[in-house]
Amino acid sequence: MDTNPTHPEIWRPSRRSVLGLLGAAPLAGAVTAMPRGAQAGPDAELARRIEEIMARPAFDGAHWGAQFYAPDTGESIYELNTGEPFVAGSSSKVFVGGTAFLALGHDRRFATRVHRTGPVRGGVLHGDLVLVAGGDLLLSGRLRADGSLALPDPDHTYHTTPGAGPIGGDPLRELRSLATQVAAGIRRVEGRVLVDVSLYREGTEGLANNVTATISPVMVNDNLVDVTVEPGRRPGAPAVLEISPQSEYVRIVNKVRTIAASEAASARPLTFADDVRHPDGTRTVSLTGDITDDSPGLFRAYFVPEPAAFAQALFARALREKGVRVDSAATTGSGTRRRLVAEHLSPALPDQLKPMLKVSSNLHTEVFPYLVGAVAGGDPDDPKAAGQRVRRELLERAGFDSSPPGSEQNRYTPRYFVEFLAYMARQPHFRHYRDALPILGRDGTLKDVQPDSPAAGHVHAKTGTSLGTEDGTWMNRQALAGYVELPGGRRLTFAAFVGIRTGSAEAAREMSKVTGQALGEIAAAAYVTQSA
-10 MDTNPTHPEI
0 WRPSRRSVLG
10 LLGAAPLAGA
20 VTAMPRGAQA
30 GPDAELARRI
40 EEIMARPAFD
50 GAHWGAQFYA
60 PDTGESIYEL
70 NTGEPFVAGS
80 SSKVFVGGTA
90 FLALGHDRRF
100 ATRVHRTGPV
110 RGGVLHGDLV
120 LVAGGDLLLS
130 GRLRADGSLA
140 LPDPDHTYHT
150 TPGAGPIGGD
160 PLRELRSLAT
170 QVAAGIRRVE
180 GRVLVDVSLY
190 REGTEGLANN
200 VTATISPVMV
210 NDNLVDVTVE
220 PGRRPGAPAV
230 LEISPQSEYV
240 RIVNKVRTIA
250 ASEAASARPL
260 TFADDVRHPD
270 GTRTVSLTGD
280 ITDDSPGLFR
290 AYFVPEPAAF
300 AQALFARALR
310 EKGVRVDSAA
320 TTGSGTRRRL
330 VAEHLSPALP
340 DQLKPMLKVS
350 SNLHTEVFPY
360 LVGAVAGGDP
370 DDPKAAGQRV
380 RRELLERAGF
390 DSSPPGSEQN
400 RYTPRYFVEF
410 LAYMARQPHF
420 RHYRDALPIL
430 GRDGTLKDVQ
440 PDSPAAGHVH
450 AKTGTSLGTE
460 DGTWMNRQAL
470 AGYVELPGGR
480 RLTFAAFVGI
490 RTGSAEAARE
500 MSKVTGQALG
510 EIAAAAYVTQ
520 SA
């Protein structure tokens, strides 16, 4: 899932209507320019195949842009509107990931540590335990026993998307490991459990679908409380809630009712309401709405507004489960004269990038400028601004315009993408960056795109989907940018975009499935023709 808000765009007149089957409206400004003149060899065949895809009736009036570039020869083997900025959607996350890769290094790991602030005598700590957040984005149970990550699509950070659900596994796995280390030498704490988030100053960022999240150095289960909702035994009965992880930080009041399937048209959507913070720092929030008695289940996630307090409550609970008694508890703070008690070292940076790149988590995307600014930029007080400065400096050092025209509206040219991707491909440990991208027909947001194509498994690329209105008309804009890995070790960098007007939100969503497959098919055509 990678839907982002759209931005206004200027279109030129079109003579034909779009997708009457879905009730779509004409696209003002469809550009009908075709690629440069046909050439002998596989380039001409690639152009022919791409033109056939773009000429399908479903894309009547669509606006396209694309470029395929061979870094080893410096040849652009296909071009269409390469200098025109297109709405990139989530495909621009390749720049966020690239910045993190260049600024932090592919082998960067993040340590979450537990310190004590006093002596231990006879298993009793005379002081506080301090959980020190180190910026690990994967304190979530995502890491499997075989070293791979659980990356369901849609991710639970897109909680209103049909099919979303909990990550799976134990969301407190890493905290329980830390608690086990503590319990090896401490059985009682005559003090408090504290959480130190001084790595950088927390901030608030807006995500897609009108969600606001607190960006913090500590992220346990992505700072979400997952709520799975199942119908009660009969209409009129309360729904059944499964809440994970459970904590004293927040109590979720069940106000979801079960209704008959025949009443589905009038069902209230699931909504968190009446969020109250109590004097002791705990919260109460109600989940309201309806679920039909034939529903297989629904899902919502509560974004915790105070991640440090959430982590404190969860860590205190993990300690109690390991037999460590805590005499007093507090939400946040810092201690003095600290001594290391326990440590968890995160997976390396490429795994940290995967929730952002593989399944397009906007939450993870918003964290990286803060993390880069604090760690590489050395500014914990204004980490976001520092992260943006680091990005500008890295791009300019590499010879790129750090603010190309349109970039403030998340619009970039195909040429900018392919040149940046080619630059990343020249870095010493490029394969770690490439492998963090979705793989055509195999995983992430490309898992179901062209799975039976010869190119499946050979295209690593970031998707981008942007649905919204312009001048009262719904629009679907999609992007795909990344690498085509050819036999013999050659590779292409590419970027492809399409924009098309539709008549309704539902038509835009349906069209996004069609255009997403088409962009994957265009990338696959490059693999097939250039492998010949």
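Residue 479 in my numbering sits at position 490 of the sequence shown, with consecutive numbering throughout.
C-beta atoms are modelled at their ideal positions from N, C-alpha and C, and glycine is treated no differently.
Note that the structure is predicted; figures quoted are calculated from it, not measured.
8 Å CB neighbourhood of residue i in its chain, flanking five on each side removed
| i | result |
| --- | --- |
| K311 | R165, A168, T169, V171 and A172 |
| R133 | A139 and G158 |
| R176 | G112, V113, G312, V313 and R314 |
| T201 | T193, E194, G195 and F292 |
| H449 | R423, D424, L426, P427, I428, L429, G471, Y472 and E474 |
Residue i (DSSP reduced to helix, strand or coil)
| i | result |
| --- | --- |
| K570 | Nothing about residue 570 can be read from this structure; the chain reaches only from -10 to 521. |
| T321 | Confidence at T321 is low in this model, with a pLDDT of 44, below 50, so the placement of that residue should be treated as unreliable; the coordinate-derived value is given next. Coil, per DSSP. |
| T354 | helix |
| A387 | coil |
| E295 | coil |
| E40 | helix |
| P417 | coil |
| V274 | strand |
| P339 | helix |
| S455 | strand |
| S81 | helix |
| A202 | strand |
| Q235 | coil |
| S442 | coil |
| M464 | strand |
| K244 | strand |
| F99 | coil |
| R381 | helix |
| S520 | helix |
| Y551 | Nothing can be reported for residue 551: it is not among the residues displayed for the chain, which extend from -10 to 521. |
| P151 | coil |
| Y189 | coil |
| E73 | coil |
| I511 | helix |
Residue environment, residue i, which counts as buried when at least 16 other CB atoms sit within 10 Å
| i | result |
| --- | --- |
| V265 | exposed |
| E64 | exposed |
| R222 | exposed |
| N399 | buried |
| G136 | exposed |
| P339 | buried |
| H52 | buried |
| A512 | buried |
| N351 | buried |
| E231 | exposed |
| R490 | buried |
| L287 | buried |
| E252 | exposed |
| D32 | buried |
| A27 | Bear in mind that a pLDDT of 36 at A27, under 50, signals an unreliable position, so the model cannot answer this. |
Which listed residue (the options) has its alpha carbon closest to that of residue i
| i | options | result |
| --- | --- | --- |
| S80 | N70, D371, I42 and K347 | K347 |
| T150 | A290, Q377 and S442 | A290 |
| D49 | G225, Y516, I175 and T504 | T504 |
| R246 | F483, L360, L91 and G278 | G278 |
| G471 | F419, V218 and D437 | F419 |
| D432 | F406, D144 and A253 | D144 |
| A256 | D282, Q439 and A47 | D282 |
| G488 | P417, A77, T71 and I204 | A77 |
| R272 | P160, D370, L360 and V214 | V214 |
| A521 | P443, A337, S493 and R378 | P443 |
| R129 | N210, R306 and E459 | Just to set this straight, residue 129 is Ser in the shown sequence, not Arg. Looking at the Cα atoms, N210 is the closest of the given residues. |
| T146 | L126, L161, R162 and A307 | L126 |
Sequence-distant residues of the same chain with beta carbon closer than 6 Å to residue i, five excluded per side
| i | result |
| --- | --- |
| E474 | H447 and R480 |
| A425 | P339, L342, K343 and L346 |
| Y412 | A387 |
| F406 | A470 and A484 |
Cβ shell of residue i (< 7 Å), same chain only, five flanking positions each side left out
| i | result |
| --- | --- |
| A515 | L35, F57, V473, L481 and F483 |
| L384 | S391 |
| D368 | G362 and A375 |
| S501 | T454, L456, N465 and Q467 |
| E219 | A228, V229 and G286 |
| N198 | T149 |
Neighbour flag for residue i against chain C, beta carbons, 8 Å
| i | result |
| --- | --- |
| E68 | Although the question refers to chain C, the structure presented lacks it and comprises just one protein chain. |
At least 3 beta-carbon pairs within less than 8 Å: the region 181 to 200 vs the region 328 to 347: Cβ pair count under 8 Å is below three, so no.
Validate contact between the region 186 to 201 and the region 104 to 119 using beta carbons, cut 8 Å, 3 pairs: With a cut-off of 8 Å, the region 104 to 119 and the region 186 to 201 do not count as touching, because too few Cβ pairs lie within range.
Cβ pair count under 8 Å reaching 3, the region 451 to 464 against the region 477 to 484: When C-beta atoms of the region 451 to 464 are compared with those of the region 477 to 484, fewer than three pairs fall below 8 Å, so the two segments do not count as touching.
The region 463 to 474 contacting the region 493 to 500, beta-carbon criterion three pairs below 8 Å: Touching, yes, given that three or more Cβ pairs across the two stretches are closer than 8 Å.
contact_flag[the region 231 to 240, the region 289 to 305] where n(CB pairs < 8 Å) is 3 or more: In the pairwise beta carbon analysis, the region 231 to 240 is classified as touching the region 289 to 305: at least three pairs are separated by under 8 Å.
Stretch-stretch touch, CB-based, cutoff 8 Å, three pairs: the region 31 to 43 with the region 58 to 77: Short answer: they touch.
Meets three-Cβ-pair contact criterion under 8 Å: the region 391 to 405 and the region 212 to 232: Two segments are said to touch when three or more pairs of C-beta atoms, one from each, lie closer than 8 Å; by this definition the region 391 to 405 does not touch the region 212 to 232.
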